[in-house]
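J.:
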Amino acid sequence: MKFYIRLFGLNLKSQMRYKFSLFLSCLGQFITAFTSFFSIKFIFMQIDAVGGFTYEQVLLCFSVMTLSFSIGEAVGGGLANFPRMVNIGEFDRILTRPRNLILQVMIPYFDFTRIGLLVQGAIVLGLAIPLSGITWKADKIAGLVLMIICGAILFFCLFMFQASFAFFTMNSLDFLNIFTYGARQFGRYPFSVYGKKILYLLTFCIPLALIQYYPLQFLMDETAHPARMFLPCFSLLFILPCRALFELGIRKYKSAGS
């Protein structure tokens with residue numbers, strides 16, 4: 112554990128070496144993310160609801176997805192850059208160390224610039240909670256917390272899923288960004304607005320709806336059974352195929368020779 116803490120500290124120290132650059136990067140993330148927020152505001156200036164969801168409810172959905180993504184990407188920053196690590200031979204060096212491979216990829220590349228996006232999501236969530244019209248009982252609060260935590264883990268798994276293909280292609284497959292960065296953009300609205308086929312896909316294949324659409328329904332339904340607060344936990348089953356694909360990639364891996 113001391114080894115990983117030291118890696119984390121060295122990563123933080125290296126990024127803090129240029130404090131003004133880090134501050135500007137965080138500020139850029141913060142400002143850029145607000146363009147999505149304002150786009151939602153402009154749309155609802157023309158309409159009253161989208162797919163039966165009001166502006167306040169969509170705002171809650173948007174903030175949860177932003178927080179989940181920012182945490183998942185910050186932790187999984189190394190996985191986002193994994194194809195480059197494979198191409199330049201850096202992963203070969205990691206393989207020589209008797210430590211957990213995934214942690215060695217994650218910790219040195221923790222992305223502290225995502226603090227800007229995290230702060231933006233927290234601000235919007237603070238605005239959405241009192242405006243949502245939801246009676247915030249203990250089960251609703253627990254459900255909201257689980258949406259964010261399980262969402263962050265799910266986004267991390269999606270980055271792992273995308274990184275695993277680098278073992279076989281030695282390059283980044285940009286179309287897979289639709290499941291990470293694309294999911295963040297599409298997740299600004301409840302997934303039901305994209306149609307039943309997309310909703311089924313995001314329920315049974317890529318379980319993003321389990322940390323967004325169905326828990327949002329639970330928060331809005333005053334008569335919902337408290338057990339439904341645990342719906343986001345089922346999305347964690349996605350860890351199994353993502354980890355299995357990554358382990359398969361390690362077994363099939365051949366050095367890029369860089």
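Throughout the sequence shown, residue numbering follows my numbering, covering 112 to 369 in sequence. Heads up, the beta-carbon is just placed ideally off N, CA and C, and yes, glycines get one too.
Which residues share a DSSP beta bridge with phenylalanine 164?
T.: Position 53 of the sequence shown holds residue 164. Its beta-bridge partners are Val161.
J.: Using CA coordinates, which residue listed in Thr146, Leu255, Thr177 and Arg117 is at the minimum distance from glutamine 328?
T.: Numbered from 1 along the sequence shown, position 217 holds the residue referred to as residue 328. Out of Thr146, Leu255, Thr177 and Arg117, Leu255 has the C-alpha closest to the C-alpha of glutamine 328.
J.: Could you compute how far the alpha carbon of serine 275 sits from the alpha carbon of leucine 356?
T.: Taking the first residue of the sequence shown as 1, we reach residue 275 at position 164. Taking the first residue of the sequence shown as 1, we reach residue 356 at position 245. Using only the alpha carbons, I get a separation of about 6 Å.
J.: Determine, using beta-carbon pairs with one atom in the stretch 253-272 and one in the stretch 181-191, whether at least three such pairs fall under 8 Å.
T.: Contact holds: three or more Cβ-Cβ distances are below 8 Å.
J.: Skipping 5 residues on each side, what residues in its chain have a beta carbon closer than 6 Å to that of leucine 171?
T.: In the sequence shown, counting from the first residue as 1, residue 171 sits at position 60. Ala239 and Ser243.
J.: Considering only their Cβ atoms, is the gap separating lysine 152 from phenylalanine 279 smaller than 8 Å?
T.: Numbered from 1 along the sequence shown, position 168 holds the residue referred to as residue 279. Numbered from 1 along the sequence shown, position 41 holds the residue referred to as residue 152. No, Cβ-Cβ distance for phenylalanine 279 and lysine 152 is not below 8 Å.
J.: Could you give the residue range of the alpha helix (DSSP H) that holds threonine 280?
T.: Here the question's residue 280 lines up with position 169 in the sequence shown. From DSSP, the alpha helix (DSSP H) with threonine 280 extends over 277-280.
J.: In whole angstroms, what is the alpha-carbon distance linking threonine 334 and methionine 258?
T.: Walking along the sequence shown from the start, residue 334 turns up at place 223. Walking along the sequence shown from the start, residue 258 turns up at place 147. So the two alpha carbons sit approximately 19 Å from each other.
J.: I need the DSSP call for isoleucine 151, collapsed to helix, strand or coil.
T.: The count along the sequence shown starts at 1 and reaches residue 151 at position 40. Three-state DSSP puts isoleucine 151 in a helix.
J.: Going by beta carbon distance, what residues of the same chain come within less than 8 Å of glutamate 167, once the five residues before and after it are set aside?
T.: Counted from its first residue, the sequence shown places residue 167 at position 56. Correct list, in chain order: Ala239, Leu242, Ser243 and Gly244.
J.: With a threshold of 16 other CB atoms inside 10 Å of the CB of phenylalanine 149, please say whether the residue is buried or exposed.
T.: Here residue 149 refers to the residue found at position 38 when the sequence shown is read from its first residue. Counting Cβ neighbours within 10 Å, phenylalanine 149 comes out exposed, since fewer than 16 surround it.
J.: Check whether the Cβ of alanine 355 lies closer than 8 Å to any Cβ atom in chain B.
T.: You won't find chain B in this structure, because it holds only one protein chain.
J.: So, with DSSP's three-state summary, where would you put alanine 65?
T.: Since the first and last residues shown for the chain are 112 and 369, residue 65 lies out of range.
J.: Could you pull the start and end residues of the alpha helix (DSSP H) that cysteine 353 belongs to?
T.: Stepping through the sequence shown from its first residue, residue 353 is reached at position 242. That run of the alpha helix (DSSP H) goes 350-363.
J.: Please name the residue in Asp332, Ile205, Tyr305 and Leu342 whose C-alpha comes closest to that of proline 219.
T.: Here residue 219 corresponds to residue number 108 of the sequence shown, with the count starting at 1. Considering only alpha carbons, the answer is Ile205.
J.: Can you tell me the Cα-Cα spacing of threonine 224 and leucine 319, whole angstroms?
T.: Reading the sequence shown from its first residue, position 113 is the one you call residue 224. Reading the sequence shown from its first residue, position 208 is the one you call residue 319. About 24 Å.
J.: Please go through the stretch 235-300 and give each complete alpha helix (DSSP H) segment of 4 or more residues, from N-terminal end onward.
T.: Listed in chain order, they are 249-275, 277-280 and 292-297.
J.: Leaving out the 5 sequence neighbours to the left and right, which residues in its chain are closer than 8 Å to glutamine 296 when beta-carbon positions are compared?
T.: Position 185 of the sequence shown, counting from 1, holds the residue named residue 296. Ser147.
J.: Run through the stretch 195-230 for me and flag every whole alpha helix (DSSP H) of 4 or more residues, listed as ranges in chain order.
T.: The qualifying runs are 201-206 and 212-217.
J.: Are at least three pairs of beta-carbons, each pair with one atom in the stretch 174-183 and one in the stretch 221-235, less than 8 Å apart?
T.: Counting Cβ pairs under 8 Å, three or more are found: they touch.
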